[in-house]
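Report on one structure; see the data block that follows.
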Amino acid sequence: MSDFSSGNEVISSSESGVTIEKSFDGEAFAVPAIRFELRSDHDDAVTVRITDRIPDDFPMDNVGFHPEYENENWTAYKDHRVQFERTLEPNESLTTVYGIRLSDWSDAEKFLIEPELEEVTPVTDDGGQGEERMEEHTITDIVSEDSSQVVRDVIAGDSGLPGLDEDAETGDDPADPLADVGNDPLSDPLGSSADADDGATDPLADAASASADSTGEDSAPDESDPAGSDTEDGPFAGSEDDIIDADEPGDDSIDGGDDADESNDDSLEAPVETADEPPASPPRPGSVAAALADEIRAGEVNDDDLKRIQQELDLDTPESTNVRIRHLQSRVDDLAAYTEALEEFIDENGTAKTLIDGFESEVESVRADLDEMGSEIENAKDEGAQARARVADLETNLDGLETSIDSLESGLESDLADLEDDLDELGELDSNLDGLTSQLDDLEDLVATNTQEASALDDELEDLRDDFETVDSLEGKIEALSEDVSDLSDSVEATETRMDEKIDTLRSDIGDIESELKELHEWRDQLGSVFGGN
């Protein structure tokens, strides 16, 4: 599944010189939105109409349009579709969005379908042709059939607008509402000033006369005539208060001559005195308008004839009004969407004062944490300085140990050289001893053969004995020296062992200190990155 929160999936299409890129944007707006990037490759201005389908299981109440992103050109329909219509200048690019309020972010995948480019029409100087190409949006397209039924009832004369008083009870017969243009239920629904000023002309009578002249008959329009646009399917002209200003038959308490430029709040006025108004003229015998009005009130006119009458009286809402209605509906949808989002936000987070109080308490807490962290940082700095001093002392001690080891090694090498020299001398003494023994044997032979030289030989023997004693003393010295060398060698080995152990211990301590320093540096960097430090 795509990561919709980052909006990394784009659906692109290009047709008739217009490129559309559709994507999901879950971060740029207050609510998730579907983004459209439009680009025209035409050298002339063109009018484009794009339709995008809304998933059937997604409520249309959760769809809205952004006021800063072409919301006046969007229209939402109850059959789960939204439509965008706008004129693009040559090589123009624009961005527009519509918002969707999601309960589950994974539902956004349902919206990532290719939009439909319904129409790309060059813009011409003939504005009438452009309006003919625009789709006629009907009441039931935009609002429900129940809402549009009020319009049908008013046009048919079956009821007045909601909120008006019921028919006044009078002793006289009800006056014909068709005799007064101001009370004509089939008058201009927009209440144009031109029609309001022309109070002496009965538009229904004029339309009926024109129809009678064209068909050669003195009756109501033929039921077989083609219908124009059904009131239910006609364009939604505005709110119910703006559709028509009429009363029930016989109700003379409503001023039909109100200015059409009044606001919606003024369109439903309280009953006023009608004593100054001229009484409505009774139906004239043979009057087509009166008969037609009676049939409309009685519900005897079928829908096709009623639509034809509307066309003849020019009661259809112009396309400009439909555009204004769609714009108003979009703004209402936007307001509803953002209002609900704001309500949910307030329900979840509270009012601005609550947020500010919570924010201030959080700021105070953060400040206290910062002060505490500052103290911890200072302590960490002190500990780091102490650790660095310890490392420096250990390095100094290590240098001294290395110097001592070098000195011991030099002394041992010198002693070993001396021992080797002594051993060489002992070898020479052994060879001399062998020679003396040989000479002694010779002397003994000489003594045996020459007694005369006995005394001399005795002296020599004494000397030789002295030499032997000297040799024995030398052998003792050599043995003692060998023992000293052995002891010194053992001492050197023990010293080397102790030095190795001390060196290993120092290296382990140095490694631990370096690890602590590294952790302190990392912690300091983390604190710096959190609080904006270097």
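In my numbering, the protein residues as written are 1452 to 1985.
Glycine included, every Cβ here is placed at the ideal spot set by N, Cα and C.
Straight across, the Cα-Cα distance linking residue 1751 with residue 1510 is about 39 Å.
In this structure, the straight-line span from the alpha carbon of residue 1478 to that of residue 1792 is close to 15 Å. By the Cβ test, the stretch 1785-1803 is not in contact with the stretch 1938-1954, since fewer than three Cβ pairs between them sit closer than 8 Å.
The beta-carbon separation of residue 1501 and residue 1462, rounded to 12 Å, does not stay under the 8 Å limit for a contact. Within the DSSP secondary-structure output, residue 1525 pairs in a beta bridge with 1535.
The beta-bridge partner set that DSSP reports for residue 1758 is empty. The stretch 1922-1934 and the stretch 1872-1884 touch, with no fewer than 3 CB-CB distances between them shorter than 8 Å. Residue pairing for residue 1573: DSSP places it in a beta bridge opposite 1497. In the DSSP assignment, residue 1470 is bridged to 1465 and 1490. Using a Cβ distance threshold of 7 Å, residue 1572 and residue 1538 do not count as a contacting pair. As a beta-bridge residue in DSSP terms, residue 1515 pairs with 1550. A residue is called buried once 16 or more other Cβ atoms fall within 10 Å of its Cβ, and residue 1832, having fewer, is exposed. Distance between residue 1942 and residue 1849, taken at the CA atoms: about 21 Å.
Here residue 1968 is actually not in contact with residue 1828; their C-beta atoms are around 15 Å apart, not less than 8 Å. Going by beta carbons, residue 1489 and residue 1568 fall outside the 7 Å limit. One thing to note: residue 1939 has its Cβ no nearer than 7 Å to the Cβ of residue 1835.
DSSP lists 1475 and 1549 as the bridge partner or partners of residue 1485. Taking the CA atoms as reference points, residue 1846 sits about 10 Å from residue 1839.
By the neighbour-count criterion, in which 16 or more other beta carbons inside 10 Å mark a residue as buried, residue 1483 falls on the buried side.
In this structure, residue 1527 places its C-beta atom within 7 Å of the C-beta atom of residue 1514. About 6 Å separates the CB atoms of residue 1563 and residue 1460; that is less than 8 Å, so the two are in contact. Counted as a single uninterrupted DSSP element, the alpha helix (DSSP H) harbouring residue 1743 occupies residues 1739-1749.
CA-to-CA, the gap between residue 1496 and residue 1541 works out to about 5 Å.
Here residue 1931 is exposed: its Cβ has fewer than 16 other Cβ atoms, across all protein chains shown, within 10 Å.
Secondary structure of residue 1503 (DSSP, three-state): strand. Separation of residue 1551 and residue 1464 (C-alpha to C-alpha, rounded to the nearest whole angstrom) is 22 Å. Here residue 1944 carries a helix assignment [DSSP, helix/strand/coil]. Bridge pairing for residue 1858: absent [DSSP]. No Cβ-Cβ contact shorter than 7 Å links residue 1785 with residue 1487. DSSP places residue 1460 in the coil class of the three-state scheme, outside both helix and strand. Exposure of residue 1974 is indicated by the presence of fewer than 16 other C-beta atoms within 10 angstroms of its C-beta. Rounded to whole angstroms, the Cβ separation of residue 1842 and residue 1961 is 7 Å, and the two are in contact under 8 Å.
The alpha-carbon of residue 1851 is positioned some 42 Å away from that of residue 1823.
Contact annotation, residue 1781 with residue 1522: C-beta distance approximately 5 Å; criterion of less than 8 Å satisfied.
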